[in-house]
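*Asks:* Note that UniProt numbering numbers the sequence shown so that position 329 is 329, with each residue one more than the last.
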Amino acid sequence: MILSELKIHHLRNISSVHLGLSPRFNFIFGPNGSGKTSIIEGLYLLSCGHSFRSREISPIISYEQPSLTVFARSQQEETISIQKSYSEATQIKLNNQFCSTTSQLAYALPCQIFYADIFQIIDAGPSVRRSLLDWGLFHVKHNYHSIWKEYRRVLKQRNALLKQHAPHIHFIPWNKQLGLLANQLHLLREEYFNQWEQAFITVLSELSDLDCTITYYKGWDKKNSGKDLEHILSECFTSDLQKSYTQYGPHQADIVIEINHNKAKQVLSRGQQKVVLISLRLAQANLLQQDCLYLIDDLPAELDEDHQKKIMDYLAKRTGQYVITSTNHPSPFISAISSQEYLLYQINEGILNQR
């Protein structure tokens, strides 16, 4: 879905904005706190059903307002909207039809977000990197989501038994189910990861000369002994019982990011890390079967002019729709693309003007 129109009402410091969107590049610039990131946030809400800055409702609804609304229209006259309020459940509509799950939004409007917390992919624990892997599989392997949901259901049952200190015999059927589902998930993840890894190497080579590698760990059998998960769960039963949770399985998977066999966060500068992480996300989008919406908040931050130029030159050659923010006028970015391919907006204190 390529968006042509966006309306936001009562989102943080934005009372009301209505803007047209270029199918290619949309630049929004203004001082810190002016509302740039709030526009990015509104678009992200349309794709994911929640904010990337807070899962709480109160911080994102404007002061003394009962609700917020975000609405967008596509080039094909499709519509998508979301309303969040204090008093009612979130209302989501696709083409004026109510949606029951946020996954319907994600399928309709695939979205990649690049913002200050992108460094959490390197800095935080495995769950953040797993979510990146899951995003790609959700969009590329459409049976993945249902298998992952079933795995989590069975895992929840097993963890409940562990907390009850149930006897080992009660775990045998759950271990078997987890083992079967884990194998299905691993095969899908491994196939996707191999494609993602190759795409990542290609993108990174265009943006930098860094020799960075990514490695997939499935969540069990780290020493590659050949043991399946069912066998490992049986072996680790006493330890799981003591800790009251399941220590091994796809829910413990990870993506290891390294350079010359050292963890990336230990040897790379913040700017180099950002280039690697942008490459990871762009590589994922390259594997999609449809165009993606790219939300890039404060692109210049942490990047030198050379890497800024390389990234913009790369994006200019790609398909997809981009919304890019910066504190200063984005003239260095605009020089990489034709005047027919972008719209330029300036925002100050929540007021937006086209330039």
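Beta carbons: idealized from backbone N, C-alpha and C, even for Gly.
Since the structure is predicted, the reported quantities are computational estimates derived from the model, not experimental observations.
Just checking my contact of I28 with I39 at CB under 8 Å: how many whole Å lie between their CB atoms?
*Replies:* Their Cβ separation, rounded to whole angstroms, is 6 Å, which keeps I28 and I39 in contact under 8 Å.
*Asks:* For R355, which residues of its own chain have a beta-carbon under 6 Å away from its beta-carbon, when the five flanking residues on both sides are left out?
*Replies:* Excluding positions up to five away in sequence, the list reads L344, Q346.
*Asks:* Answer yes or no: do Q272 and L204 have a C-beta to C-beta separation smaller than 8 Å?
*Replies:* The answer is no: Cβ separation not under 8 Å.
*Asks:* Exposed or buried, which one is H186 when buried takes at least 16 other CB atoms within 10 Å?
*Replies:* Buried, by the Cβ-count rule.
*Asks:* Return the CA-CA distance between S34 and S326, expressed in angstroms with no decimal places.
*Replies:* Roughly 11 Å between the two C-alpha positions.
*Asks:* Please report the distance separating the alpha-carbon of C48 from that of A106.
*Replies:* Each residue's Cα considered, the two are about 6 Å apart.
*Asks:* Name the one or two DSSP bridge partners that Q120 has.
*Replies:* Answer is none; Q120 lacks a bridge partner.
*Asks:* On the three-state DSSP scale, how would you describe F29?
*Replies:* Three-state result, F29: strand.
*Asks:* Would you report the Cα separation of V267 and L132, rounded to the nearest angstrom?
*Replies:* C-alpha separation (whole angstroms): 22 Å.
*Asks:* In this structure, how does DSSP classify C236 when only helix, strand and coil are distinguished?
*Replies:* Of the three classes helix, strand and coil, the one that applies to C236 here is coil, per DSSP.
*Asks:* Under a three-way DSSP split, which group does Q157 fall into?
*Replies:* Three-state DSSP puts Q157 in a helix.
*Asks:* Measure from the alpha carbon of L19 to the alpha carbon of each residue in P250, E78, G42, then state which is nearest.
*Replies:* It is G42.
*Asks:* On the DSSP letters alone, give me the boundaries of the alpha helix (DSSP H) that C292 sits inside.
*Replies:* Taken as a continuous stretch (DSSP letters only), C292 belongs to no alpha helix (DSSP H), as it is neither H nor E.
*Asks:* Label H251 either buried or exposed according to how many other C-beta atoms from any shown protein chain fall within 10 Å of its C-beta, with 16 as the threshold for buried.
*Replies:* So H251 counts as buried.
*Asks:* Hey, how far is the Cα of S103 from the Cα of A264?
*Replies:* Rounded to whole angstroms, S103 to A264 spans 32 Å at the Cα level.
*Asks:* Is it the case that the Cβ atoms of L280 and G249 are separated by a distance below 8 Å?
*Replies:* No.
*Asks:* Determine contact between the stretch 254-262 and the stretch 224-238, defined as no fewer than three beta-carbon pairs at a distance below 8 Å.
*Replies:* Verdict: no, contact absent.
*Asks:* For the alpha helix (DSSP H) that T319 lies in, which residues bound it at each end?
*Replies:* First-last for T319: undefined, no H or E at that position.
*Asks:* To the nearest angstrom, report how far apart I118 and K274 are at their CA atoms.
*Replies:* About 8 Å.
*Asks:* Can you tell me the Cβ-Cβ gap for Y44 and I113, rounded? I've got them flagged as a contact below 8 Å.
*Replies:* At roughly 6 Å, the Cβ-Cβ gap stays under 8 Å, so Y44 and I113 are in contact.
*Asks:* For H231, does the three-state DSSP call read helix, strand or coil?
*Replies:* H231 falls in the helix class under three-state DSSP.
*Asks:* Please work out which residues of its chain come closer than 8 Å, Cβ to Cβ, to P66, disregarding the five sequence neighbours upstream and downstream, and give them in chain order.
*Replies:* Answer for P66: S85, Y86, S87, listed in chain order.
*Asks:* How long is the line joining the alpha carbons of Y245 and F52, rounded to whole angstroms?
*Replies:* In a straight line, the C-alpha of Y245 is about 28 Å away from that of F52.
*Asks:* By the three-class DSSP mapping on this structure, what secondary structure does Y63 have?
*Replies:* Coil, per DSSP.
*Asks:* Is the beta carbon of Y151 less than 8 Å from the beta carbon of A182?
*Replies:* Their beta carbons are under 8 Å apart, which means Y151 touches A182 by this criterion.
*Asks:* Throw me the rounded Cβ distance for the V70 and L94 pair, which I believe falls under 8 Å.
*Replies:* Going by Cβ atoms, the distance from V70 to L94 rounds to 13 Å, so no, they are not a contact pair.
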